[in-house]
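The structure under discussion appears below in the form of structure tokens.
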Amino acid sequence: MKLHPALPVAATLLLSACTANVPIAHIPAPPSSSPVAGPAEVVHTSRYNLVSLTADETLRFPLRQPVSHTLSAPKKNRTLTRGDALHIWLSGTGYGLCLPVTDDMRHLYASPLPDIWRSAGPLRIHDALQALAGPEWAVVTDELTYTVCFRRTSQALI
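Numbered by mature numbering (1 follows the signal peptide of the UniProt record, and there is no 0), the letters in the sequence shown go through residues -20 to -1, 1 to 138 in order.
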């Protein structure tokens, strides 16, 4: 039994004509609390690669980049100090420890480094500096001279 070639087309037209057109309700988008950013500037660097021309957060704020460090034991039976660890965590950031060093800061830098800090990370550098110093100290950065200082949060004697 051979079917007429127009039969499938007629059946499709007949069945689709019986459906009701339901209007699609327009749901407004919720209001945004943040301003909408404009289009990002990008450059083609290769066929499938687009690169943004805006600096990312780690380039603008080097102390916010996540880093891991493993500190090796110093030579000649010397113990690692918090000052050694602070220098290592700041290496490669362009920041240094501030001068002049106060007596309180000298005490912080000379105190022995706990063994738990020999291998730490990934941590943001600012958070690692704060944790190395402890809750008694506040990390103060000078963006003009790219220095990091530590200020006592209370004036209790050491």
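Just so it is clear, CB atoms sit at the ideal spot from N, CA and C, and this is done for glycine as well.
*Does the Cβ-Cβ distance between Tyr89 and Thr61 come in under 9 Å?*
Result yes, Cβ atoms of Tyr89 and Thr61 sit closer than 9 Å.
_Could you check whether the stretch 94 to 104 touches the stretch 42 to 49, counting it as contact only if at least three pairs of C-beta atoms, one from each stretch, sit closer than 8 Å?_
Yes, since at least three Cβ pairs between the stretch 94 to 104 and the stretch 42 to 49 fall closer than 8 Å, the two stretches touch.
_For Arg58 and Val119, the rounded distance between their alpha carbons_ = Rounded to whole angstroms, Val119 to Arg58 spans 27 Å at the Cα level.
*Which two residues bound the contiguous beta strand (DSSP E) that contains Thr38?*
Looking at the DSSP string, Thr38 is not in any beta strand (DSSP E); the run it does join, the alpha helix (DSSP H), is 37 to 40.
*Please name the residue or residues paired with Asp122 in a DSSP beta bridge.*
Thr127, per the DSSP bridge assignment.
*Closer than 8 Å by C-beta to Gly74: which residues in its own chain qualify, once you throw out the five before and the five after it? Chain order, please.*
Contacts found: Pro42, Tyr126.
*What are the start and end residues of the beta strand (DSSP E) that includes Arg104?*
Where Arg104 is concerned, the enclosing beta strand (DSSP E) stretches over 99 to 104.
_Those residues which DSSP pairs with Trp117 across a bridge_ = Answer is Arg132, bridged to Trp117.
*Can you tell me which of Val(-12), Leu70, Arg86 puts its alpha carbon nearest to the alpha carbon of Asp107?*
Closest by alpha carbon: Leu70.
_Reduced DSSP secondary structure (H/G/I, E/B, other) of His87_ = In the three-state reduction of the DSSP assignment, His87 falls in the helix class, which pools H, G and I.
*Report back the beta-carbon spacing between His67 and Leu77 to the nearest angstrom; my notes put them in contact at under 8 Å.*
Beta-carbon to beta-carbon, His67 and Leu77 are separated by about 7 Å, close enough to satisfy the 8 Å threshold.
*Classification of Leu93 by the beta-carbon crowding that lies within 10 angstroms, buried from 16 upward*: It is buried - the Cβ of Leu93 has at least 16 other Cβ atoms within 10 Å.
*Do you know how far the Cα of Asp64 is from the Cα of Asp84?*
Distance between the alpha carbons of Asp84 and Asp64: 16 Å.
*Along the chain, where does the beta strand (DSSP E) that runs through His49 open and close?*
His49 -> beta strand (DSSP E) spans 46 to 50.
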